[in-house]
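One structure is given below, encoded as structure tokens.
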Amino acid sequence: MPSRPGRCLRPPAPHRGAQHHRLRLARRGKAGPGGEGRLLLRLPDRVARSRPQQRLDPRPRGAGDRPGPARPLRHRLPDLRSDLPPGDAGRDPPRLRRRERPARQGRPFVLIGHSQGSVHLIRLLREEVEGKPEAKRMLSAIVLGWAVEVPPGKTVGGSFKSTPLCTRAGETGCVITYMSFRASSPPPDPSFLGRAAMQGMTAACTNPAALGGGRAKLDSYWFAMRPADPGSTPIVWSSQGAPATPFVRTEGLATGECVHSGSAGYLAIDVDADPVDARTDTIPGDVYIGGQVAKSWGMHLADMNVAQGDLIRLVEAQAAAFSASATPATHSKAKPPKAHRR
């Protein structure tokens, strides 16, 4: 395939992080197509499900979404006991220190969640990390596909009392969060994703390719063999033939910029279309319901993929900073990232 600076399509390179601080995405069972189930924490083994799995309709009633017959919930989180009622979860909360071994004390960690996993992760941070010794060991919490709420122009408050948003590379003890939407299709009002629910709050957004704010090219990883959703058009990754590997990497094909407008906060995604280039000008990520794009979900299925390379580099920088005895971030020092407003 022809190559062009700033834009490539090739198999992902092996991860080359520091030996003792590599980002490990351990999963058990099957995860959802958008990366659900990647929260790096397990509930105690003795906590059993309080009820069997049920047939649920996972589709919220957002703008542009149609009601339909119930179907099995696709984005199950079996290792997180996602269907525990609040009472059961409250009696035996997931404690980081419970499963620690003496040899691992003091070791840094990263928490990663997407969609339903982010709901669990927000509660975990509030109840088991903030204000506790574990906070000093947290490199970051990557909370994608769900709203972390903050007051407009602030880095802390709302969802978290003391854990700020990440505003620079190498900063530790902070949160990386965004919900991706195509720049041409911002969150409607109301919207299931892309907006804060609390009055006076906005949905936080941290661009992993430009934590300080602004527009930047993204380092994306895609599953090239994913079948097309009903109503969607299959992605033709190259006019010269299908990729030889199941995953492809497209540096600079997509660009992202955090946008805020009232309660809405999202990572606006554009594609650097070039009709001369043999590679695709179309990227996946939309949620289809009833054969139509659910606009209130944005690019939910690609939240992790669209900036995966940037996220890996951020964690590598945080691990290096922790090894150099960097001080965890505090909200008194962190400055809000620059965000485009509409």
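Under the numbering used here, the first residue of the sequence shown is numbered 716, with each subsequent residue one higher. No residue lacks a Cβ here, since even glycine has one placed at the ideal position from N, Cα and C. Here the structure is a predicted model, which is why all the values come from computation and not from measurement.
Within 8 Å, do at least three Cβ pairs link the segment 867-877 to the segment 1003-1020?
no
Go ahead and label residue 989 buried or exposed: buried means 16 or more other beta carbons lie within 10 angstroms of its beta carbon, across all protein chains shown.
exposed
For residue 875, which of helix, strand or coil comes out of DSSP?
coil
Just verifying my parser: in three-state terms, what is the DSSP assignment at residue 843?
Helix at residue 843.
Who does residue 837 pair with in a DSSP beta bridge?
DSSP, once it has assigned bridges, lists no residue as partnering residue 837.
Range of the contiguous beta strand (DSSP E) that encloses residue 969:
In this chain, the beta strand (DSSP E) harbouring residue 969 covers 962-976.
Residue 926 by DSSP, collapsed to three states: which one?
coil
For residue 713, which of 965, 942, 847, 832 has the nearest alpha-carbon?
With the chain covering only 716 through 1057, there is no way to say anything about residue 713.
Measuring CB to CB, does residue 880 end up less than 7 Å from residue 919?
yes
Flag this pair as yes or no: are the beta carbons of residue 897 and residue 837 separated by less than 7 Å?
With contacts defined as CB atoms closer than 7 Å, residue 897 and residue 837 fail to qualify as a contacting pair.
Short Cβ contact (7 Å threshold) for residue 969 with residue 935
yes
Using three-state DSSP, classify residue 996 as helix, strand or coil.
coil
How many angstroms separate the CA atom of residue 903 from the CA atom of residue 980?
It is roughly 12 Å from the alpha-carbon of residue 903 to the alpha-carbon of residue 980.
Whole-angstrom distance between residue 911 and residue 863, CA atom to CA atom:
8 Å
Would you call the segment 939-951 in contact with the segment 882-891, where contact means no fewer than 3 C-beta pairs closer than 8 Å?
Look at the beta carbons and you see the segment 939-951 not touching the segment 882-891: under three pairs across the two are nearer than 8 Å.
Spatial neighbours of residue 821 in its chain, beta-carbon cut-off 8 Å, leaving aside the 5 residues before and after:
Cβ within range, chain order: 852.
Work out the CA separation of residue 967 and residue 992 for me, nearest whole Å.
13 Å
DSSP-derived helix/strand/coil call for residue 1027:
Helix, per DSSP.
Here's the rule I'm using: 16 or more other beta-carbon atoms within 10 Å means buried, otherwise exposed. How should residue 932 be labelled?
Classification of residue 932: buried, given that the 10 Å Cβ count is 16 or more.
Separation of residue 843 from residue 849, as counted between CA atoms
8 Å
Leaving out the 5 sequence neighbours to the left and right, which residues in its chain are closer than 8 Å to residue 825 when beta-carbon positions are compared?
738, 755, 853, 854, 855, 856, 857, 1030, 1033
Given that a residue counts as buried once 16 or more other Cβ atoms are within 10 Å of its Cβ, and exposed if not, what is residue 921?
So residue 921 ends up on the buried side.
Determine the direct distance from the alpha carbon of residue 915 to that of residue 868, and round the result to whole angstroms.
11 Å
So, helix, strand or coil for residue 762, using DSSP?
In this predicted model, residue 762 has a pLDDT of only 35, less than 50, meaning its place in the structure is not dependable enough to derive any value.
Look up residue 897 in the DSSP assignment and say whether it is helix, strand or coil.
strand
Following the continuous beta strand (DSSP E) through residue 829, name the residue where it begins and the one where it ends.
824-829
Pick helix, strand or coil for residue 1010, following the three-state DSSP scheme.
helix
Looking at residue 1003: is its Cβ nearer than 7 Å to the Cβ of residue 946?
yes
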